[in-house]
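The listed protein sequences derive, respectively, from chains F and Z.
According to my numbering, the stretch in the first sequence is residues 146 to 327, in order.
According to my numbering, the stretch in the second sequence is residues 163 to 867, in order.
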Amino acid sequence: MNTIEPNHRESNGPPSEEFIQLFTKAQRQLYLFILAQTGNAQIAEEVLQETNLVIWSKYSQFEPGTNFMAWVRQIAVYEVLKWRQKRSRDKLTFSDDFVQRVAESFTPPAEQIERRQVALERCLEKLNTQDRKLIEQRYQPGISGKELANSLGRPPNSVYQSLGRIRKTLLECVQRTLTVET
Amino acid sequence: MNSNTRHELLNLVEDFLEGNASESGIARLEALVLSDQECESLYLEVVQLHGNLYWDAAGCGAELENVFSLPAAQSSIQPSVNRVVDAVSWPRRAAALLSTVALLVVLVWTIQSSSISTNSDSTVVENTSTPDASQHRDIKVKQNEGNVVEVRLPQNEALAKHNANEKIVEPIVSDEEILPFDSASDLQVVAFINEQIQSKWDENSVAPSPRATESEWVRRIHLDLLGRIPTPLEVESFLDDSDASKRLKLLDSLLESRGFASNFASIWTNLLVGRSRGRDIDREALFAYLKGQFGNNMPWSKTVTDLISAEGSADQSGPANFLLAHLNNEAVPATAITARIFLCEQIQCSQCHRHPTIPDWGQEKFWEFNAFFQRTIVEEKMVLDKKTGQQQRIRQLVDTESPKAEPAYYEDLRGVMKVAYPRFADVDVKPLPESTLRDQLAHLLTTGSDPQLAQAFVNRSWKHFFGHAFTRQVDDMGPHHEFSHPNLVDGIARAFVKSDYDVRRLIRWICLSDAYQLTSKSVAENKFDEPELGDLPLFTRMYVKPLSPEQLFNSLLIAGGVSTEEIRRRGSSYAQREEWLQQFFVSENNEENGEVSTFDGSLPQTLMMMNGELVKRAIDPVQGQVLKEIVSDRSKSEAEHIQDLCLAALSRRPTPQELEAIQKMLRNQIRLRTSHNMPPQLAYNEAFGDVYWAYLNSSEFSVNH
Chain F
146 MNTIEPNHRE
156 SNGPPSEEFI
166 QLFTKAQRQL
176 YLFILAQTGN
186 AQIAEEVLQE
196 TNLVIWSKYS
206 QFEPGTNFMA
216 WVRQIAVYEV
226 LKWRQKRSRD
236 KLTFSDDFVQ
246 RVAESFTPPA
256 EQIERRQVAL
266 ERCLEKLNTQ
276 DRKLIEQRYQ
286 PGISGKELAN
296 SLGRPPNSVY
306 QSLGRIRKTL
316 LECVQRTLTV
326 ET
Chain Z
163 MNSNTRHELL
173 NLVEDFLEGN
183 ASESGIARLE
193 ALVLSDQECE
203 SLYLEVVQLH
213 GNLYWDAAGC
223 GAELENVFSL
233 PAAQSSIQPS
243 VNRVVDAVSW
253 PRRAAALLST
263 VALLVVLVWT
273 IQSSSISTNS
283 DSTVVENTST
293 PDASQHRDIK
303 VKQNEGNVVE
313 VRLPQNEALA
323 KHNANEKIVE
333 PIVSDEEILP
343 FDSASDLQVV
353 AFINEQIQSK
363 WDENSVAPSP
373 RATESEWVRR
383 IHLDLLGRIP
393 TPLEVESFLD
403 DSDASKRLKL
413 LDSLLESRGF
423 ASNFASIWTN
433 LLVGRSRGRD
443 IDREALFAYL
453 KGQFGNNMPW
463 SKTVTDLISA
473 EGSADQSGPA
483 NFLLAHLNNE
493 AVPATAITAR
503 IFLCEQIQCS
513 QCHRHPTIPD
523 WGQEKFWEFN
533 AFFQRTIVEE
543 KMVLDKKTGQ
553 QQRIRQLVDT
563 ESPKAEPAYY
573 EDLRGVMKVA
583 YPRFADVDVK
593 PLPESTLRDQ
603 LAHLLTTGSD
613 PQLAQAFVNR
623 SWKHFFGHAF
633 TRQVDDMGPH
643 HEFSHPNLVD
653 GIARAFVKSD
663 YDVRRLIRWI
673 CLSDAYQLTS
683 KSVAENKFDE
693 PELGDLPLFT
703 RMYVKPLSPE
713 QLFNSLLIAG
723 GVSTEEIRRR
733 GSSYAQREEW
743 LQQFFVSENN
753 EENGEVSTFD
763 GSLPQTLMMM
773 NGELVKRAID
783 PVQGQVLKEI
793 VSDRSKSEAE
803 HIQDLCLAAL
813 SRRPTPQELE
823 AIQKMLRNQI
833 RLRTSHNMPP
843 QLAYNEAFGD
853 VYWAYLNSSE
863 FSVNH
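Following this line, the structure appears as structure tokens:
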């Protein structure tokens with residue numbers, strides 16, 4: 146929290162309705178943006194929370210009418226870097242080049258994010274019950290693949306194999322759906 | 163990005179997202195993504211998929227965003243705070259996350275309102291607190307006049323120099339020529355198979371089931387190789403043999419038998435032209451040709467060459483019937499079926515569509531393959547049959563002699579007419595006087611040290627013996643599919659090529675492998691090895707295979723008591739079977755020349771088993787040879803009669819509980835019949851007919867396990 150630099154220039158009230166709407170809408174995209182750079186769902190969530198704190202502390206600096214997404218993305222980039230510095234000794238993270246490149250490349254328009262998400266929901270419905278159940282179990286809050294394997298009594302590798310297969314199916318289904326739409 | 167790269171990348175991302183990545187894995191992932199635009203897009207797509215699933219908790223939380231996109235003044239935030247409590251009992255990520263955010267609105271605003279210090283027309287955050295000097299970064303967050311926080315990333319010179327289009331990753335190439343074993347030695351190939359299967363068991367921490375009992379195995383090998391259950395005599399002589407290598411002995415003698423040749427000929431006839439007799443071809447001629455090929459153990463490559471390049475009339479040239487059946491509709495079925503049967507590739511969709519994920523599987527792939535068949539036509543003429551003195555219509559396969567190459571025409575996705583010239587595996591082919599396009603296609607298919615033809619045959623054979631192939635669909639080995647045991651397929655396929663496509667040796671390797679010796683019963687350590695559910699098989703046990711229509715028919719004949727000689731001779735029983743099969747199959751003349759089957763465990767099949775002629779005859783104490791012989795043997799007891807029946811139907815002896823239950827049922831049936839004034843001997847025989855009916859209608863009978 147020490148990094149918050151509250152803006153005091155014109156702190157004359159809570160954030161505007163518009164700001165809150167933009168903010169809420171941007172959450173998913175921001176999350177995906179951070180995830181692409183960190184690769185870990187939980188960590189991305191932590192970084193997103195830090196990012197949100199900064200966004201809120203600076204809300205009055207945002208000028209309505211300017212590109213909100215661009216603004217919050219920059220804050221997120223900074224937060225990712227901060228997190229990376231904390232983790233700099235951890236060998237199992239991406240290199241600077243990679244993170245920078247991904248951050249630059251990940252610029253899907255909001256409606257594309259939304260189309261992708263809708264496509265995914267449809268594709269989830271198309272899965273057979275068994276597979277859908279496994280995916281739902283895997284993505285229960287706070288569950289990792291390993292924990293899931295333990296609770297199912299299956300060896301982790303076989304669970305990873307199934308998850309990999311289902312995610313690949315979903316990926317291809319989403320790709321197909323989007324190709325058909327365009 | 164080729165399909166291997168795609169595959170590799172997907173696996174690397176999977177490992178990474180599940181927290182299983184190694185340092186080298188991450189490095190490779192980075193290298194791939196940085197080297198190629200498509201890899202980068204794929205990476206971002208997978209990440210989005212994963213992120214969306216996580217964010218929505220797999221589709222449960224999507225609706226929550228609407229809840230929170232209410233106009234948010236403080237008043238509307240208040241109820242959200244309570245949701246933090248809800249979120250604990252009802253743990254949905256999106257709810258928890260957004261609730262926290264809502265709380266923050268309150269908190270931050272309070273902090274800001276009570277804050278005093280001011281110094282912020284232009285805030286520069288300079289972060290120099292890097293823990294490691296070598297990792298020093300110069301990050302600047304600068305807030306400029308537009309009130310936008312600007313973050314400047316450190317420039318990396320190496321990256322700036324790097325040209326994004328330049329490939330920095332060399333594809334990993336495996337040594338093509340060296341096999342890790344001597345393929346001349348069957349023992350070494352089998353050892354290689356065992357080792358590969360074992361390593362996947364270890365990798366997935368599963369354990370194999372125990373070895374199958376001798377009676378389970380003897381039934382299995384007969385069904386797999388001869389397409390029928392063993393006779394009681396065959397079972398008993400195998401069980402009584404005390405030779406330690408009796409499995410090997412039996413395997414070799416069955417491979418040499420005529421039953422093997424006709425069983426495999428029948429399987430391949432079905433694959434090549436289907437089961438229904440609706441097509442205008444000489445199915446028997448094809449069958450006879452294939453039986454000769456398998457009987458003489460001709461190299462598979464030779465058989466494929468014959469089938470693809472055959473010329474001549476339906477009755478004179480057996481192999482010509484394959485293409486005679488499929489040259490309709492611009493040879494579209496011939497194209498699709500040749501690729502599917504011999505290469506295990508499903509290219510039929512690319513006739514009209516681009517592959518959704520594999521860029522090099524476009525329409526041209528299909529039509530360039532199709533072009534090989536464009537010079538071949540089916541000619542019909544009337545000839546005088548010398549025996550009957552009547553005019554007879556014959557169909558024959560002829561290659562046109564026109565000197566100019568006739569391309570295939572097709573409409574592309576935008577409706578533009580295009581042409582395709584014969585091309586396969588990056589080789590353009592022109593018709594030559596001494597060899598037709600089809601000759602050259604056959605040559606391209608069957609040469610090289612590692613052709614897909616061999617892999618496809620190995621995959622099919624494996625599926626035949628284990629019930630599951632190395633790919634989820636046996637005939638879909640396209641680039642979008644992964645192998646359960648890539649090294650194993652590769653190794654056996656190359657050994658198969660080195661053996662000059664020796665079909666019997668390939669079967670020998672498979673049937674001598676440890677995995678083939680296992681029982682079909684699962685144990686706790688391999689319960690989840692269930693390829694039926696969609697996962698790749700690990701072969702920790704023998705998977706249960708439903709009997710094919712031919713296997714069922716042949717087995718019912720054996721159970722009813724036809725001498726094996728009669729089945730081996732392609733005599734009356736063959737014709738009878740062909741006719742019997744027609745009730746289950748109808749052929750379609752569409753772009754894939756498919757077939758509709760009702761032999762799928764549904765009503766027609768069940769009715770056939772319950773009331774069909776074959777079963778009726780088998781359980782009739784007068785007509786059913788096997789039943790009659792068993793019950794009329796007065797030297798044996800009732801229990802022994804039951805044992806013999808069980809052996810005849812299921813190739814095993816009954817368990818004590820089974821025996822007890824059957825004896826009880828049997829006595830009731832006899833009592834019932836005698837109380838209706840039936841003579842005791844007849845009542846006894848008929849009651850045994852009921853027992854036999856129950857055995858033949860058990861699910862154990864209708865599967866190979």
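No residue lacks a Cβ here, since even glycine has one placed at the ideal position from N, Cα and C.
Rounded to whole angstroms, the gap between the alpha carbons of Ile391/Z and Val793/Z is 21 Å.
Pairwise C-beta distances place the region 475-484 of chain Z out of contact with the region 624-644 of chain Z, as fewer than three of them are shorter than 8 Å.
Not one beta carbon of chain F lies nearer than 7 Å to the beta carbon of Tyr705/Z. Between Gly290/F and the set Gly309/F, Ile200/F, Leu272/F, Asp242/F, the nearest pair of CA atoms involves Gly309/F.
Contact annotation for Val368/Z against chain F: Pro300, Ser303 [CB-CB distance below 8 Å, chain order]. Between the alpha carbons of Phe207/F and Gln166/F lies a distance of about 13 Å. Counting along the chain, Val540/Z sits inside the beta strand (DSSP E) bounded by residues 538-546. At a cut-off of 7 Å between beta carbons, Trp363/Z makes no contact with chain F.
Look at Pro286/F here: in three-state DSSP terms it is coil, with no helix or strand label.
Check the Cα spacing between Ala618/Z and each of Glu757/Z, Val758/Z, Val651/Z: the tightest is with Val651/Z. Cβ atoms of Glu376/Z and Leu401/Z come within 8 Å of each other, at about 6 Å.
Residue contact check for Phe178/Z against chain F: a CB pair falls below 7 Å.
Distance from the CA atom of Glu224/F to the CA atom of Trp217/Z, rounded to whole angstroms, is 19 Å. Under the Cβ criterion of 7 Å, Gln210/Z is counted among the residues facing chain F. Taking all protein chains shown into account, Glu694/Z has fewer than 16 neighbouring C-beta atoms within 10 Å of its C-beta and is therefore exposed. For Phe690/Z, the chain F residues whose Cβ falls inside 7 Å of its Cβ are Arg299, Ser303, in order along the chain. Residue pairing by DSSP places Gly474/Z opposite Leu559/Z in a beta bridge. A Cβ-Cβ distance of about 35 Å is found for the pair Val466/Z and Thr681/Z, leaving them out of contact under the 8 Å criterion.
Ranked by how close their Cα comes to the Cα of Arg439/Z, the residues Arg739/Z, Phe586/Z, Glu822/Z have Arg739/Z in first place. Under DSSP, Asn866/Z shares a beta bridge with Lys707/Z.
Membership of Val748/Z in the beta strand (DSSP E) is indicated by the continuous run 747-749. Distance from the CA of Gln187/F to the CA of Pro641/Z, rounded to the nearest whole angstrom, comes to 33 Å. In the displayed model, Met772/Z falls within a helix according to three-state DSSP. By the neighbour-count criterion, in which 16 or more other beta carbons inside 10 Å mark a residue as buried, Asn532/Z falls on the buried side. Taking C-alpha positions only, Leu215/Z is separated from Tyr284/F by approximately 7 Å. Listed along the chain, the chain Z residues whose CB falls inside 7 Å of the CB of Gly210/F amount to none; the nearest CB is some 11 Å away. One finds Leu316, Glu317, Gln320, Arg321 in chain F with Cβ atoms closer than 9 Å to the Cβ of Thr519/Z, taken in chain order.
At a Cβ-Cβ threshold of 7 Å, Val578/Z and Pro584/Z do not count as neighbours. If you look at Ser759/Z, you'll find it in the beta strand (DSSP E) that goes 757-759. With fewer than 16 neighbouring CB atoms inside 10 Å of its own CB, Met544/Z falls in the exposed class. The beta carbons of Phe632/Z and Ser646/Z sit closer together than 7 Å. When C-beta distances to chain Z are compared with 8 Å, the residues of the region 186-197 of chain F below that value are Ala186, Ala189, Glu190, Leu193, Gln194, Asn197, in chain order. With respect to the 7 Å criterion, Asp662/Z and Pro461/Z are classified as neighbours on the basis of their beta carbons.
Gln787/Z places its beta carbon 7 Å or farther from that of Gly696/Z.
According to the DSSP assignment, Val581/Z belongs to the beta strand (DSSP E) that extends over 579-582.
Under DSSP, Leu680/Z takes part in a beta bridge, and its partners are Arg373/Z.
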